[in-house]
Each structure stands twice: as structure tokens, then as C-alpha cells.
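Trainee:
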């Protein structure tokens, strides 16, 4: 893929006109899922409570997936104090109903305010709050711009733009949700699970005496639509704009949902296209004729084929751009499930944009090509629209590989703390997430995964970073010492990473042997090494050879992962190997949960070390021939006083 022009990364936002329609589809796999489960990550709720005698009606319209552009419209009619109508459209993929309720609650006749709850925002009778935007008693509407993922300290918009139709004189912005907003703990950013909500012009009154108050409107536009454009040389921007407007209006699609423009590489310098992308802050994707003609499209043209070497430009370019935008990001599931095993073996769920067998049946092409001319303007434009599975964010993601040290925040570097606080998403083992819970902020994606799910953590983090998020992957101790850093780099290399996108930054931390040494005195003053006794990834014979070399070489040795519930004999074998090369009275320290609750430091000898508790939270330090006891300290001389 070639990117000829990135016109900017700012999300393009406009207000949705009243009675505008757009599409929404629930993925097939979610049809039988409870709505609360489907949308728990997004935490979107509109609740109905304490409606007055306003005779408000909510009509639900079922729409079928048979229409590729599903109309979801929200209109208001007969907006009087006695009769107000709100039409809410619930979308389904196969006539499965999604219940959404809309209400106005506890409206005060004194203040004429509407207490609406949007995303668990607290509202009082005097002050309406919509995602941290305050409405005054004078019923000022708020123009709020809200992001799907809470933006970082740099206030960058993350993916979908959410705008309010009702604008206030103050033009207040809600780009940064306040601490009152709940923390998002798991997000499925698949475009098919986004909901577009609109109550343009709806007015709900608490009683007949109260004056009408406007309910603020939220419109959610997932940027998933890729517009393929073919055009004659010299076609003006006006022709292209008119073509897009007519196609989208005719098919009830919102132009705000456009992710980008796609065309053939011969049009990379087309002035009208470049002006269109620059004006709307849209990326321009271009493809070679060879790539474009590899696809089967519904309306190929022999004339076009003779001119540019491919029978399709608009349709094929739209399809390829949507496919290259990436597959939907789904929540991590059990790696041992049969479904995951099958997917890993056959790879049938992946789509290769270079696959010549791709057809319109598996390409999400919504609108086949349509040709437009505009009187008084030069040229002609051909338009086609395809829907991507992953929303376009306009951002380059980043992976932050963070070592959190032994556990106490005081033992974590300030840079590591800032990385965690500033990240869009945090991924790690559940125990480590708990240790840093005070650094987390509302709006972050936080995914705590169990032990032995290291590969899933790495894959998930890379997927989110490729989507445009800044993702912190946390490891205890140092991320590069038996931590997640190595696995993430291995996964990136396996995916033919270019070394630049997503960006990667590693934040060092205090590892277990350092933490243990700090409690013991100076046991690491001379040469030392670290060996993990876990044979899950390293064959035990290899570990035995390393133990033998360390013992024979007189290294002070730190043993990581010394004993688990199922792995109980390795620590005994290690002790026997060291007894062959060192005195039985060689100092040994067992440091458990250092700098955490229930810290336990045991100083003993090589002979008696197995008499004390040792587990996966322990690090065992075995001294060399020079290591000695002094009071309650261990000292390994460097040789300065000899």
C-alpha cells in the first residue's frame, strides 16, 4: 500500500442535520448476546424514568440486515408540551432487537432543565451535565465533542467523533471526561458494535406548565466508510463533493463516517482529489492497477480497463482500502478454547488484501459505482463505498513496555508512572494491574489477563497499537528481564514490523534480584547471574547446564521462578548442583514479595534452604565462595580491601 497523502490526523466533525439517517449493524456473533454485555465496554446508556403527562411516545423500528445501508433515524414530531414524539431506531443484523430506552427525568418547573443521563453523568435540577459539559439554568445546549477512548494528556482525539447538534453560546467542549465518568475496563472497537444515537430537535417537558427544554443530542460517527473514486483528468473538487453528497444522501449514510478516499495510483496527483482530502482531513489511499484488477467487482468496465489497465477503479479501490484498514479488534478470549485453536491452525478468519479470490460477497462493498457530472464543472467522477471492519483513527499507535518494579509505587520510575497514566490502554497480568490501580484514570481501556496468557497480552497490545492507541504493557520488575518486552518484540518481528509503526518505547524497572539485594545489603558486588527454573519455555536439560556453569564459575546466582504448585523438584536439583561446587554453609537468601504486603526475607545456608517456604513469589540468592554474613546482612566483597 502506498500513502500518497495524509491530509491530517484531526478527526473531521460536523453536526448531523435533523432527521438524518445512517446505518448500524450488530455482528452476527452478538445477536444472542444480552445488550448489557454487548455494550458494557462502551458504557452507553439512555434511561427512561419519571415521565410526566407529556404523552411522549417511543417507537422502535426494526430494520433488517438485508439492506446493506441500514437506516437508523431519530426524529421528533408534534413537539408540544402535551404531545412529544421520539422515534428511536433499534438496529439488528437479523431482526434481533436491541432495546434502548430514552427518558427525561425529574425536570424542575423552576429551572426548566432536563435531567438526562448520558454515559452515567450526574445531573442536578440546576445544572445539566453531558459528559462533563455543564448546562446552565437557562437551558444552554452544549456542543460537546467526546471521544470513544478518553484522550491522553495531549488531548488527542482517539477514534469516533461524538458531537452535539445543539450548540450553546458558550460552545463548551467535553473532550476530556471528568473523573466522575466510569472507567472503561474492556472495549470492543469493532465498527459493527458502535451505536449512533440521535434525538435531533426532540423536546421533552416535565409538565404542561413548564416551558419546553431541548434535550442535548449526541451523534456518534464511526469512521469506517471508504470512498473509492475514479475520475477523468482535471475533474474539479466540486464534482467529487457533489457526487459524494448525492450518494450518501440517497443511501442514508452520514458523510462524517467517511474514513478516507481511495483511487488508482495514476490519480495520486489529481488536484481535485488532493483538495478534497486536504479540506476534509482525509487520508488518500492509492493502489496500482495490478492490485485493483486482482479483485472481482460487480460492475467491471472494459473501457476503463483499456484506459488504465484495470476494469475497476472506484469499487476495487474502496474494497482494498477497507480491507487494509484492518480487521475488527475483538476482546481476548481463552487461548485454550477450541475456537481459538481452530483459528490458529487454519487462519480462515484473516483477510489478505492481495488475495485474488476476494469478491464483493466478502468485501463489505455497500454502494456499487455511480457516475456523476455537474453542469458547468469539468470532468466526471465515479463513486463507490465500502465499509471497513476497523474504525479509522488517523493516529499512529505506540507500545509502551513498562517495568513496574517490585510493587510499591515509590520503587517505580517517574517515567514509568507517567507512561501508565498517559496511555489509552493498559494490558497486563491481573496481579500487576492491581499493584498500579492508583495510577489508572477514568476512560482508559484496562484489560487484566490471567497468568500464562502472555502471548495473548502481546497480540492484544499490538492490535490496539496498530489501531492507533497508545498501549502500556506492564510487567513486574523490569520488562526486559523475564518480562513482556521480549515477547512483544518477537510478535512484532513475526508480523514483519518495519521498526517504526507502531512506535515502541521501553521503560526500565527494578528487577527482583535488585529488590532482594537492597534488603540484604551488598550480595551482588561481584559477578552474578540470573537463572529461571521454569521449564515451560526452556527444556530442563538446558537449565541444568546453566546451573552447573554458574555453580562451577562461582557466580552469585539469583534463581527466578524457583518452585510452583506443579514444579517442585527443580529447586532441589539446583541445590544439589551448587553443593557439588560450594560449601554447605554458603549464605543463601530467600526474598518473597519484596516491597509488597507480606514481605518475607529469610537468610539461611545452602544446606538448610529447603527447610523454608519457597514459591513463585520468591527469589533465591545463592552467594559465591566469598559471600559472608555480617550481623543481619550479606556481603560479597569486590576485593578493595584484600
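Residue numbers (our numbering): 1 to 642.
Just so you know, even glycine gets a beta-carbon here, dropped at the ideal spot from N, CA and C.
On the DSSP bridge assignment, give the partners of residue 505 in chain order.
Mentor: Paired residue(s): 400.
Trainee: I'd like to check one pair, residue 568 with residue 529: are the Cβ atoms closer than 9 Å?
Mentor: Against a cut-off of 9 Å, the Cβ pair of residue 568 and residue 529 comes out as no contact.
Trainee: Would you kindly work out how many angstroms separate the C-alpha atoms of residue 511 and residue 575, rounded to a whole number?
Mentor: Their backbone Cα atoms lie some 23 Å apart in a straight line.
Trainee: Please say whether residue 615 and residue 562 have beta carbons closer to each other than 9 Å?
Mentor: Cβ atoms of residue 562 and residue 615: closer than 9 Å.
Trainee: Going along the chain, which unbroken runs of the beta strand (DSSP E) with 3 or more residues stay wholly within the stretch 571 to 641?
Mentor: The qualifying runs are 587 to 592, 600 to 605, 618 to 622, 628 to 630 and 633 to 635.
Trainee: Between residue 302 and residue 400, which are expected to be in contact by the criterion C-beta below 8 Å, what is the C-beta distance as a whole number of angstroms?
Mentor: Going by Cβ atoms, the distance from residue 302 to residue 400 rounds to 52 Å, so no, they are not a contact pair.
Trainee: Could you tell me whether the stretch 284 to 291 touches the stretch 258 to 276, where touching means 3 or more Cβ pairs closer than 8 Å?
Mentor: Cβ pair count under 8 Å is three or more, so yes.
Trainee: Relative to the C-alpha of residue 474, which residue among 490, 501 and 439 is closest?
Mentor: Ranking 490, 501 and 439 by Cα distance to residue 474 puts 439 first.
Trainee: Specify, as a first and last residue, the run of the alpha helix (DSSP H) that residue 489 falls within.
Mentor: Taken as a continuous stretch (DSSP letters only), the alpha helix (DSSP H) holding residue 489 covers 485 to 494.
Trainee: According to DSSP, which residues form a beta bridge with residue 475?
Mentor: Answer is 403.
Trainee: Taking the straight line between their C-alpha atoms, what separation do you get for residue 223 and residue 252?
Mentor: About 15 Å.
Trainee: On the criterion of 16 or more Cβ atoms from any shown chain inside 10 Å, does residue 392 qualify as buried, or is it exposed?
Mentor: When all chains shown are included, residue 392 counts as buried.
Trainee: Can you tell me the Cα-Cα spacing of residue 534 and residue 454, whole angstroms?
Mentor: Their Cα atoms are separated by approximately 15 Å.
Trainee: Over the uninterrupted beta strand (DSSP E) stretch that includes residue 286, give me the two end residues.
Mentor: It spans 283 to 287 - the beta strand (DSSP E) in which residue 286 sits, taken as one unbroken run.
Trainee: Can you list, in chain order, the residues of its chain with a C-beta nearer than 7 Å to that of residue 237? Leave out the 5 residues immediately preceding and following it.
Mentor: The answer, listed in chain order, is 272, 275 and 276.
Trainee: Opposite residue 443 in the DSSP bridges: which residues?
Mentor: Paired residue(s): none; residue 443 is not in a bridge.
Trainee: If I'm right that residue 406 touches residue 477 with Cβ under 8 Å, what's the distance once you round it to whole angstroms?
Mentor: With a Cβ gap of about 7 Å, residue 406 and residue 477 count as contacting.
Trainee: Roughly how many angstroms separate the alpha carbons of residue 592 and residue 599, rounded to a whole number?
Mentor: Looking at the two C-alpha atoms, the distance is approximately 6 Å.
Trainee: Taking C-alpha atoms, which residue in 596, 483, 229 and 370 lies nearest to residue 560?
Mentor: Nearest option by C-alpha distance: 483.
Trainee: In three-state terms, what does DSSP make of residue 219?
Mentor: DSSP places residue 219 in strand when its eight states are reduced to three.
Trainee: Residue 319 to residue 396, Cα distance in whole Å?
Mentor: Their Cα atoms are separated by approximately 22 Å.
Trainee: Rounded to whole angstroms, what's the CA-CA distance from residue 582 to residue 605? Just pull it up for me.
Mentor: Taking the straight line joining both Cα atoms gives about 11 Å.
Trainee: From residue 298 to residue 460, what distance separates their C-alpha atoms?
Mentor: C-alpha separation (whole angstroms): 36 Å.
Trainee: Using the three-state DSSP reduction, which class does residue 226 fall into: helix, strand or coil?
Mentor: Residue 226 falls in the strand class under three-state DSSP.
Trainee: Under DSSP, the beta strand (DSSP E) around residue 422 begins and ends at which residues?
Mentor: Premise fails: residue 422 lies in the alpha helix (DSSP H), 414 to 422, not in any beta strand (DSSP E).
Trainee: Measuring CA to CA, which of 258, 266 and 323 is closest to residue 232?
Mentor: Residue 266 is the option with its Cα nearest to residue 232.
Trainee: Using three-state DSSP, classify residue 369 as helix, strand or coil.
Mentor: It is a strand residue.
Trainee: Is DSSP giving residue 460 helix, strand or coil here?
Mentor: Helix at residue 460.
Trainee: Would you say residue 380 and residue 387 are within 9 Å of each other, going by their C-beta atoms?
Mentor: Going by C-beta atoms, residue 380 is not nearer than 9 Å to residue 387.
Trainee: Between which two residues does the alpha helix (DSSP H) containing residue 552 stretch?
Mentor: Looking at the DSSP string, the run of the alpha helix (DSSP H) that includes residue 552 is 540 to 552.
Trainee: State the CB to CB distance for the pair residue 239 and residue 377, rounded to an integer number of angstroms; the pair is presumed to be in contact (CB under 8 Å).
Mentor: With 8 Å as the limit, residue 239 and residue 377 qualify as a contact, their Cβ atoms being about 5 Å apart.
Trainee: Is it buried or exposed for residue 638, if we count other Cβ within 10 angstroms and need 16 for buried?
Mentor: Result: exposed.
Trainee: Identify the continuous alpha helix (DSSP H) that holds residue 248 and give its terminal residues.
Mentor: It spans 237 to 250 - the alpha helix (DSSP H) in which residue 248 sits, taken as one unbroken run.
Trainee: Alpha carbon to alpha carbon, what distance is there between residue 428 and residue 402?
Mentor: Residue 402 and residue 428: Cα-Cα distance of roughly 10 Å.
Trainee: Could you check which residue in 595, 544, 541 and 491 has the C-alpha nearest to that of residue 410?
Mentor: Measuring from the Cα of residue 410, the nearest candidate turns out to be 595.
Trainee: In chain order, what residues of the same chain lie with their CB nearer than 7 Å to the CB of residue 435, ignoring the 5 residues before and after it?
Mentor: Same-chain partners within the cutoff: 404 and 407.
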